[in-house]
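Chemist:
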Amino acid sequence: LLQSKDGDVTQVRAKVIVDCTGHESRIVLKDDRVKSIPPGFQIAYGVLAKVDESNIPDSDYAGPYYKEAMTLFDYRTDHFPEGSNELSKAEKAPTFMYAMPLDGNRIFFEETSLVARPAVSFQECKERYLTRM
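Position 22 of the sequence shown, counted from 1, bears residue number 7 in the working numbering, the numbering being contiguous throughout.
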């Protein structure tokens, strides 16, 4: 059933309903009879960088990223010390890097936590970005 702000109720028949209003939506009444898992949270930290290419041994790459292709979902963790607290946290709540080459020596980098319970903090996401770079 759908209810408008003025109180009118409309019945809608559907095989599937996808609710994209978010966990804390004020426009959807949740069914308290159904126990659900706590919400997951997404966060990202991004930087538009101008890469200094004066000391790069291979100008086709910026670090491990090929400059002629976008990198999606780089979940590698080899930049964390083996057995470190940072590695343990990254394994429990993984993040990944996007690297999107733009024109010239500009590249957009973004470290993203796709979903975590509890949320990865903004500061943690930023620190993981800086460690990866």
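Just so you know, even glycine gets a beta-carbon here, dropped at the ideal spot from N, CA and C.
Spell out the partners DSSP gives V(-6) in its beta bridges.
Modeler: As a first step, residue -6 must be located in the sequence shown, where it is residue number 9. The partner list for V(-6) (beta bridge, DSSP) reads Q(-12).
Chemist: Could you say which of M82, T(-5), I41, N40 lies nearest to F58 if we only look at CA atoms?
Modeler: Numbered from its first residue, the sequence shown carries residue 58 at position 73. F58 has its Cα closest to that of M82, out of M82, T(-5), I41, N40.
Chemist: Where does E96 sit, in a helix, a strand or coil, going by DSSP?
Modeler: Position 111 of the sequence shown, counted from the first residue, corresponds to residue 96. If DSSP states are grouped into helix, strand and coil, E96 belongs with the strands.
Chemist: Considering only the alpha carbon of each residue, which of A84, S(-11), D45, V100 lies closest to F94?
Modeler: For this step, residue 94 is matched to residue 109 along the sequence shown. Closest option to F94, Cα to Cα, is A84.
Chemist: F81 bridges to which residues according to DSSP?
Modeler: One-based indexing of the sequence shown puts residue 81 at position 96. In the DSSP output, where bridge partners are listed per residue, F81 has T97.
Chemist: Within the same chain, show all residues whose beta-carbon is closer than 8 Å to that of V100, passing over the 5 residues directly before and after it, in chain order.
Modeler: Here residue 100 corresponds to residue number 115 of the sequence shown, with the count starting at 1. Once the five neighbours on either side are set aside, the close Cβ partners of V100 are G25, F26, Q27.
Chemist: Do K52 and D45 have their C-beta atoms within less than 7 Å of each other?
Modeler: Start at 1 with the first residue of the sequence shown, and residue 52 comes out as number 67. Start at 1 with the first residue of the sequence shown, and residue 45 comes out as number 60. The answer is yes: Cβ separation under 7 Å.
Chemist: Out of curiosity, what's the CA-to-CA distance linking R117 and A75?
Modeler: Residue 117 sits at position 132 when you count from the first residue of the sequence shown. Residue 75 sits at position 90 when you count from the first residue of the sequence shown. Their backbone Cα atoms lie some 12 Å apart in a straight line.
Chemist: Straight-line CA distance for G48 to D37?
Modeler: On the sequence shown, residue 48 is found 63 positions in, with the first residue counted as 1. On the sequence shown, residue 37 is found 52 positions in, with the first residue counted as 1. Roughly 11 Å separates the two Cα atoms.
Chemist: Which value, in whole angstroms, describes the spacing of the CA atoms of V1 and L(-13)?
Modeler: Position 16 of the sequence shown, counted from the start, is the residue given in the question as residue 1. Position 2 of the sequence shown, counted from the start, is the residue given in the question as residue -13. Computed Cα separation, rounded: 15 Å.
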